[in-house]
Each structure stands twice: as structure tokens, then as C-alpha cells.
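Data block below; observations after.
Numbering (this note's numbering), first residue to last: 1 to 160.
Here is the structure:
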């Protein structure tokens with residue numbers, strides 16, 4: 001995926017600086033077809049600057065390249081695993097039918113609900129911390145008044 005993203009950026013740069021016109025028409029057409037395919041498959045990943053914290057995969061068998069790359073980059077994998085897939089390739093398998101659209105929708109709705117809830121809790125917690133930090137105002141240091149020496153100390157009467 002990283003290599004494909006690099007190739008997509010390289011083709012975009014060629015389009016910007018018009019160096020694609022140095023190629024013959026047939027090669028230009030092939031490069032533009034490759035760019036269209038890369039944009040279709042990887043356009044959402046273009047903005048990523050770092051590796052994702054976790055990868056969620058629906059069909060491990062179909063997305064075997066993504067699984068292999070995630071394992072190579074040591075990215076944890078959460079995946080919907082069917083009976084025709086190897087659950088040992090996945091860090092957090094979710095047993096279920098990855099071929100039926102209804103089961104995929106059900107599992108994705110639960111996962112997206114959990115993600116949005118966790119994100120809301122995280123943002124609420126951090127906004128509270130920012131508010132507390134802003135409301136805490138340091139008081140200026142005040143010196144304690146000096147104690148005057150006692151003129152005569154009261155003495156308790158002695159017991160005889």
C-alpha cells in the first residue's frame with residue numbers, strides 16, 4: 001500500500017509539472033489508467049501520514065495483501081473471519097459470515113457505534129482537562145506576617 005501511495009503521488013506530480021507529456025501517447029494513457037485505478041482504491045489513504053493504530057478487515061481471504069502488509073508493519077488487525085479463513089493471521093478475529101451483507105452490516109454497526117462512543121468519551125475527557133487547566137489561576141505568593149515577640153508569657157500556676 002505504501003508503494004502504491006508513493007506511485008500515486010509520483011503520477012500526480014508528473015501531471016502537475018507536465019512531465020507526463022514527455023511520454024508517448026500510449027504510455028500516457030497507461031499511466032493515466034493506473035492513476036485512475038490507484039485513486040479508486042487508495043484515495044482515502046492518501047491523507048495518512050503515519051501508520052494506522054489498527055486495521056479493520058471484512059474478508060481476510062480477499063484482502064490477503066492488506067493482511068500481509070499489516071502483519072509486516074506490525075499493525076494490529078481486527079477482522080471478520082469466516083470458516084474459509086485462517087484466524088491465526090488476525091490479532092482480533094470476529095467470527096461471522098463475511099459473505100452475507102446483513103451480517104457485515106450488523107457487525108459494522110456495532111463496531112462503528114463503539115468507536116463513536118469511545119471517541120466522544122475521549123474528547124469529553126480531554127475538553128474537561130483543558131477547561132480545568134484554564135480555570136486554575138496561580139495565586140500570587142503572599143508572605144506570612146512576622147510574629148511579634150510576646151511581652152510577657154502567661155505561665156500556668158504550678159501545682160503543689
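Every residue, glycine too, gets a C-beta built ideally from N, C-alpha and C.
Residue 106 versus residue 18 - alpha carbon distance: Taking the chain shown and counting its residues from 1, the one referred to as residue 106 is at position 106. Taking the chain shown and counting its residues from 1, the one referred to as residue 18 is at position 18. Cα-Cα distance, rounded: 47 Å.
First and last residue of the beta strand (DSSP E) that includes residue 79? By one-based count along the chain shown, residue 79 stands at place 79. Note, residue 79: beta strand (DSSP E), 77 to 81.
When the distance is taken between beta carbons, is residue 67 closer than 8 Å to residue 60? In the chain shown, residue 60 corresponds to position 60, counting from 1. In the chain shown, residue 67 corresponds to position 67, counting from 1. Cβ distance < 8 Å, so residue 60 and residue 67 count as in contact.
For the beta strand (DSSP E) that contains residue 57, what are its first and last residues? On the chain shown, position 57 is the one that residue 57 refers to. Annotation for residue 57: the continuous beta strand (DSSP E) segment containing it runs 55 to 57.
One or two residues paired with residue 52 in a DSSP bridge: Working through the chain shown from its first residue, we reach residue 52 at position 52. DSSP output for residue 52 lists no bridge partner at all.
Given that a residue counts as buried once 16 or more other Cβ atoms are within 10 Å of its Cβ, and exposed if not, what is residue 98? In the chain shown, the residue the question calls residue 98 occupies position 98. With 16 or more other Cβ atoms from the protein chains shown falling within 10 Å of its own Cβ, residue 98 counts as buried.
Count the C-beta pairs between the region 121 to 129 and the region 79 to 89 that are closer than 8 Å, then say yes if the count reaches three, no if not. The answer is no - the region 79 to 89 does not touch the region 121 to 129, with fewer than three Cβ pairs under 8 Å.
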